[in-house]
Amino acid sequence: MDFRFSEREEMLRKSVREFAENEIPPKMEAMEKTGDFPAELLKPMADLGIMGVITPPEYGGVGLGYVARTIALEELGRVCGAMPMALQVHHMGCAVINDFGTEEQKKKYLVPLAKGETMGVVAVTDPTGGSDVVGMKTSAELRGDKYILNGRKCFITNSHNSDFWVVIARTAEGAKGLSAFIVEKDFPGAKLGRKENKFGLRGANTGELAFDDCEVPKENLLGQEGGGLAAAIKTISETGRTGMAATALGILTAAYEEAAKFASERPLYGKPIAALQAIQFYIAEIYSQLEICRLLCYRASWLKDNDMRCDNEAALAKYYTCEAAANAAKKAVEIHGSYGIMREYAVQRLLRDAMVTIPAGGTAEIAKVLLARAALAPFKKQK
Ligand SMILES: Cc1cc2nc3c(=O)[nH]c(=O)nc-3n(C[C@H](O)[C@H](O)[C@H](O)COP(=O)(O)OP(=O)(O)OC[C@H]3O[C@@H](n4cnc5c(N)ncnc54)[C@H](O)[C@@H]3O)c2cc1C
């Protein structure tokens, strides 16, 4: 077992850290205020290689893979959680087109994504409930050479920052009746709905998409008709959950750094509060969680890079790291005393951001359903 990063990965970490520390902070006040993603950073992010980090070079990417992606997401998240949130969903859009697209679809849609000309979107969630994917109502009916889409998608990341969206819709009854489509925002009947007003990860745009007799050319079916559920599950469980986990890992890293720095600087009773054993224990807890989560996140990404099954590992990394980030951020707020709830201090934002990672990409309860299934499988009695 070798836990070292390659030289190329270390270089990527260094360049993303430099980018994140220099370019993101000047944008953060506006991101917090407006809830808008700073689209002007897409091109520099593409130049760094992180828009196309998992996209093969023949489609404009750099093909470094999932461990490299986790490094990039962690480093961005250490400065501002909204950035990796938006980027990791962009990668979901890249992955689903790379995995299921035709050669023509990849040339047309994957290349601009890898170049940072637009952002990836995967729209699965209907207002009928995100956990119950099969219960979705958004429909697609083949009429002549077009599919006609009707319905609505909610809580969609990058919705208002993209020229096209991968949309899952119902073409027939049941679990095998879902199909995936690439829908351009200018197709007749495609509409942007409202932008959500989230309390955290504010700079990652989340919004609604609406389809009112939306005309989608037949050639924009992504994969096979009826293959939408499999495409959604593969994308969420491999790219989505590893991405959400890495986003939370960045927030957790920031919580640790803010807590340790404040504790080392804040004097009480003539010494920094880091001299108090209760505060040391809190820092030790945050630090332990961070070390555990790093292992979980990089293991899931490594499995994916090595073409090994990673769905349970990604669910564990996502669930555990998001919870740990929220717990660590809460503790970091408390270590700051009353300063912790003041807007000038980053820890209150970290707590808000960490809370938003918990439902996104599948809730903690859904992760536990998957993990319980894996844990009980060896003991299941044969019928
Ligand atoms: C910031 C953010 C970004 C998002 N981005 C996207 C995106 O880009 N694309 C997209 O398609 N969706 C996106 N989502 C939607 C997200 O995937 C869903 O919100 C999530 O799957 C939960 O769905 P829901 O909100 O409808 O909750 P529900 O599914 O209604 O769940 C409500 C509650 O019931 C619990 N529950 C549900 N089923 C079970 C069960 N079987 N056992 C135990 N408890 C259960 C849930 O855990 C939860 O506590 C995003 C959400 C957020 C917050």
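Residue numbering for the sequence shown follows our numbering, starting at 1 and increasing by one per position.
C-beta: ideal position from N, C-alpha, C; glycine also.
| query | result |
| --- | --- |
| Counting C-beta neighbours from all protein chains within 10 Å, is the total for D353 16 or more, i.e. buried, or is it exposed? | buried |
| For the segment 229-236 against the segment 266-277, do three or more pairs of beta-carbon atoms, one drawn from each stretch, fall closer than 8 Å, so that the two count as touching? | no |
| Give the single residue among T157, D163, G120 whose Cα lies nearest to the Cα of K195. | T157 |
| Taking only the alpha-carbon atoms, compute the straight-line gap between G60 and V333 and give it to the nearest angstrom. | 42 Å |
| With respect to 6 Å, is the separation between the Cβ of P359 and the closest non-hydrogen atom of ligand 1 below this value? | yes |
| Rounding to the nearest angstrom, what Cα-Cα distance links A180 and A20 in this structure? | 34 Å |
| What is the rounded straight-line gap between the Cα of K14 and the Cα of V216? | 43 Å |
| For F100, count neighbouring Cβ atoms within 10 angstroms of its own Cβ and tell me buried if that reaches 16, exposed if not. | buried |
| Does DSSP put Y269 in a helix, in a strand, or in coil? | coil |
| For T147, which residues of its own chain have a beta-carbon under 6 Å away from its beta-carbon, when the five flanking residues on both sides are left out? | Residue 147 is actually Tyr in this sequence, not Thr. Correct list, in chain order: A140, V216. |
| Would the C-beta of V96 count as close to ligand 1, meaning under 6 Å from any of its heavy atoms? | no |
| Give a single yes or no on whether T206 has its beta carbon closer than 6 Å to a heavy atom of ligand 1. | yes |
| My guess is that A392 and M119 are in contact by the Cβ rule of under 8 Å, so how many angstroms apart are they, rounded? | Only positions 1 to 383 of the chain appear in the structure, and residue 392 is not among them; the question remains open. |
| Which value, in whole angstroms, describes the spacing of the CA atoms of N22 and D132? | 41 Å |
| Measure from the C-beta of S159 to each C-beta in chain C and report whether the shortest distance is under 7 Å. | Here chain C cannot be found, since the structure has a single protein chain. |
| Using a Cβ-based criterion (distance less than 6 Å to any ligand heavy atom), does A123 qualify as near ligand 1? | yes |
| With C-beta atoms as the reference, is G243 less than 7 Å away from Q88? | yes |
| Is it buried or exposed, D126, if we count other Cβ atoms within 10 angstroms and call 16 or more buried? | buried |
| If you count every other CB in all the chains shown that lies within 10 Å of the CB of I341, and 16 or more means buried, which is it? | exposed |
| Please name the residue or residues paired with N150 in a DSSP beta bridge. | S139 |
| Since P217 is in the beta strand (DSSP E), which residue starts that stretch and which ends it? | 206-217 |
| With DSSP collapsed to three states, give me the class of F37. | coil |
| Is any heavy atom in ligand 1 found nearer than 6 Å to the beta carbon of S179? | no |
| What does the alpha-carbon distance come out to for the pair L48 and P26? | 19 Å |
| Shortest alpha-carbon distance to V111 belongs to which of G52, A72, G174, A314? | G52 |
| Taking the alpha carbon of I292 as the point to measure from, which residue in A275, M45, Y319, R266 has its own alpha carbon closest? | Y319 |
| Can V16 be considered in contact with ligand 1, in the sense that its beta carbon sits closer than 6 Å to one or more heavy atoms? | no |
| Note the first and the last residue of the continuous alpha helix (DSSP H) segment covering K330. | 311-335 |
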